[in-house]
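Read the structure below first, then the notes.
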Amino acid sequence: MGFDRKTYIVPDNTNFDGKTIRVDGDVVVGNACTVDFNIEAERFFAGERAKINGNITTKSDVRIDLFSVINGNISCGGNAYIADGTEINGKLSLKGDLDVGDNVEIRDGFEAKGWINIRSPIPMVIYVLLYLLELLKRG
């Protein structure tokens, strides 16, 4: 069976317990989707403009794409990648490294056991311009 954007697939051994969806593998939430449940999984991936109204708990990595909104806490057993413009209305706690994009809002703070990398595209652009200016000066 091929991948279809309009089809929701529930993997084997998935449990729905009240307000929590428990999955043995990975959870992928597509672009502009809304989930009104807590999610427990091995890894979690959210697309652009996704909205999660619940807590996210993973054993491994979390990746949240551009302009997503998480209305709950995130507990991550691995690394977390939070893209630009994401809003987390809760606490972010993780055991690995945190990679945060520009203009990310974490309402109740965060706790990371590993490295914290805050990406900002402006310094890289300035670096390239200065490099080009120096090359022009040298002829």
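For the sequence shown, the numbering used here gives the first residue as 34, with consecutive numbering after it.
For glycine and all other residues, C-beta sits at the position ideal for the given N, C-alpha and C.
Pick from the options that is closest to residue i, judged by C-alpha positions
i	options	result
Arg152	Tyr114, Gly80, Asp45	Tyr114
Val56	Arg76, Ser108, Ile149, Asp135	Arg76
Trp148	Pro156, Asn136, Ser126	Ser126
Lys52	Gly134, Ile72, Asn112, Val95	Ile72
Asp132	Tyr164, Arg140, Leu162, Arg96	Arg96
Thr119	Asp130, Gly105, Ser101, Gly111	Ser101
Separation of residue j from residue i, as counted between CA atoms
i	j	result
Cys66	Lys92	23 Å
Val68	Lys146	28 Å
Met34	Thr90	Because Met34 carries a pLDDT of 46, less than 50, the predicted location of this residue cannot be relied on, and no value is offered for it.
Ala74	Cys109	10 Å
Helix, strand or coil at residue i according to DSSP, with G and I counted as helix
i	result
Arg96	strand
Lys39	coil
Val161	helix
Met34	Confidence at Met34 is low in this model, with a pLDDT of 46, below 50, so its placement is unreliable and no value can be given for it.
Arg152	coil
Glu75	coil
Cβ-heavy atom distance, residue i to the ligand ZN, below 7 Å
i	result
Glu167	Absence of the ligand ZN is noted for the structure shown, with no ligands found whatsoever.
Bridge partner(s) assigned by DSSP for residue i
i	result
Cys109	Thr91, Leu127
Glu144	Ser126
Lys84	Thr67, Val102
Arg55	Asn48, Glu73
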